[in-house]
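full-length UniProt numbering puts the first residue of the sequence shown at 1, with every later residue one more than the last.
The beta carbon of each residue, even a glycine, is placed where N, CA and C say it ideally should be.
Predicted, not measured: the structure shown is a model, and the values here were computed from it.
Report on one structure; see the data block that follows.
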Amino acid sequence: ADMNEMDIADQAAQDVNQGQGEQEADDEKDLEDVQEYAGSGPRDLWDGGADRSRDLQMLNALKASAGALTRELVRQDEKLDRKIDAALGCSVLKYQTLLAWLSSNDLPDSSRVVLITQASLDRLPRLEAQLLAWRGPASVALYVPWSEDREETEQSLDRIRGLYAQLVDAGIGGVVISVLLGNPPSEHEYDNLY
């Protein structure tokens, strides 16, 4: 069936009208989108507006409570470990310490570098050489082994006093010496090995 020219013209007019209808509907939708955005409040926008600070406060509160929860869980875990160790007969041996047992009044200010070291009594000559070469502030922890003989312990402490006196005589200030006194030997293997 042949279409005549009139039918073709009518069909073209209908297509144009239908296209205009689709364009008008699309334009109306675009207008609605613009009006919705223009009428939206601060909370509806991408940056959160004025209520953003409230959201940040809530987030910070959640972070703080998570930190508190973590600390509490660690505390409970440590408590449980202590109960298990007590039940198994294991315990951590606490050392008696003499913090800042010997120290001068010439303590360093916070901007200076401080040498921090540890040693046992058999290393005193090397420690003395190190501190004389350093000639600056130092914090030293010295281990004194356990002895049943109190005089032996006193002799060890006298050796440390002698080292300190030599350092002071050499003009070295700002040295702090702390002492870690050894525990008596244990009958339990666990305590000796760990």
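- Note that the segment 114 to 127 touches the segment 148 to 168; at least 3 beta-carbon pairs, one per stretch, sit closer than 8 Å.
- By the neighbour-count criterion, in which a residue is buried when 16 or more other Cβ atoms sit within 10 angstroms of its Cβ, Gly174 is buried.
- Per DSSP, the unbroken beta strand (DSSP E) holding Leu115 starts and ends at Leu115 to Ser120.
- Per the coordinates, the alpha-carbon of Arg123 lies some 16 Å from the alpha-carbon of Ser139.
- Judged by DSSP in its simplified three-state form, Ser104 adopts coil rather than helix or strand.
- Proximity of the segment 140 to 156 to the segment 61 to 68 falls short of the contact definition, fewer than three beta-carbon pairs being nearer than 8 Å.
- Taking 8 Å as the cut-off, the Cβ atoms of Trp101 and Ser156 do not count as close.
- Contact between Leu121 and Val144 holds, since their C-beta atoms are separated by about 6 Å, short of 8 Å.
- Cβ-Cβ distances below 8 Å link Leu132 to Leu167, Ala170 and Ile172 in the same chain, with the five nearest sequence neighbours on each side left out; the list follows chain order.
- Under DSSP, Ala141 shares a beta bridge with Gln118 and Ser178.
- Only residues of its own chain outside the window of five on either side were considered, and among them none has a CB closer than 7 Å to the CB of Leu59.
- Sorting Arg135, Ser103, Leu99 and Leu73 by C-alpha distance to the C-alpha of Leu180 places Leu99 at the top.
- For Gln96, DSSP records a beta bridge to Leu181.
- Across the structure, Pro185 and Glu148 are spaced so that their CA atoms are roughly 10 Å apart.
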